[in-house]
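Colleague:
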Amino acid sequence: MKKELSRLTNNTVNKGVLIVFTGASGVGKGTVMKKILAADPNNWLSVSMTTRAPRAGEVAGVDYNYISVEEFKSMMAEDAFLESACYCKNYYGSPKAPVEENLKNGKNVFLEIEVQGFEQVRELYPDCLSIFLLPPSIEVLEQRLRGRGTEKEEVIQDRLNTALREISRSNEYKYNVVNDDIDRAVEEILNIVKNERAK
137 MKKELSRLTN NTVNKGVLIV FTGASGVGKG TVMKKILAAD PNNWLSVSMT TRAPRAGEVA
197 GVDYNYISVE EFKSMMAEDA FLESACYCKN YYGSPKAPVE ENLKNGKNVF LEIEVQGFEQ
257 VRELYPDCLS IFLLPPSIEV LEQRLRGRGT EKEEVIQDRL NTALREISRS NEYKYNVVND
317 DIDRAVEEIL NIVKNERAK
């Protein structure tokens, strides 16, 4: 299976670029990603599948593709995910087929996933482009998390501790981009992808 994926990657590497995009909670990766997608129609974001129920304001096919646990497990058995994980009794995964199709069509394919997912994708696509979005400082990150004003202190501390654990692994990524200015961070990421395609 790995040999087959390696062959597929080699065939598509000049046509499209697979980009793993990770950032700690509160770092602003959602906003950055929206601007990246708006900047170039050739940029495509993989929509993850999940077994959890949609939250208020979420749109099926945009935020997530919502499926049953049975459907998810069936896809897992068919090796249909690039990466998958279980959080709080809900399954999440990035489906292979649309990613491979968009790579073949020359798209810059973004996977907005956590460190755990990156580990799995790296096994299948060792040459994938990996970018970790960092806050200007831990103090700024804490201010952003507190600035939401909607969560209790224990929740904020939990998010902060999780963020610190994720940030401690940012050195595993090929590029680290500091989000001290959204437009500058977006421009830096677009340039990284452009240079990667030119190789």
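Counting from 1, position 161 in the sequence shown corresponds to residue 297 in our numbering; the numbering is continuous, with no gaps.
By construction, the Cβ of each residue, glycine as well, lies at the ideal position given by its N, Cα and C atoms.
Put Gly253 into one of helix, strand or coil per three-state DSSP.
Modeller: Residue state, collapsed to three classes: helix.
Colleague: Considering Ser210, what are the terminal residues of the alpha helix (DSSP H) in which it resides?
Modeller: Looking at the DSSP string, the run of the alpha helix (DSSP H) that includes Ser210 is Val205 to Ala213.
Colleague: Determine the direct distance from the alpha carbon of Thr298 to that of Glu287, and round the result to whole angstroms.
Modeller: So the alpha carbons of these two residues sit roughly 15 Å apart.
Colleague: Can you tell which of Thr187, Met169, Met185 and Arg188 has the C-alpha that lies nearest to the C-alpha of Asn179?
Modeller: Answer by Cα proximity: Met169.
Colleague: If I measure Cβ to Cβ from Glu278 and keep anything under 7 Å in the same chain, skipping five residues before and after, which residues do I get?
Modeller: Same-chain partners within the cutoff: Leu296.
Colleague: Is the CB-CB distance between Tyr309 and Ser266 below 7 Å?
Modeller: The answer is yes: Cβ separation under 7 Å.
Colleague: Measuring straight from C-alpha to C-alpha, what distance separates Gly164 and Ala221?
Modeller: For Gly164 and Ala221, the distance between alpha carbons rounds to 22 Å.
Colleague: Taking only the alpha-carbon atoms, compute the straight-line gap between Arg258 and Gly229 and give it to the nearest angstrom.
Modeller: Rounded to the nearest angstrom, the two C-alpha atoms are 15 Å apart.
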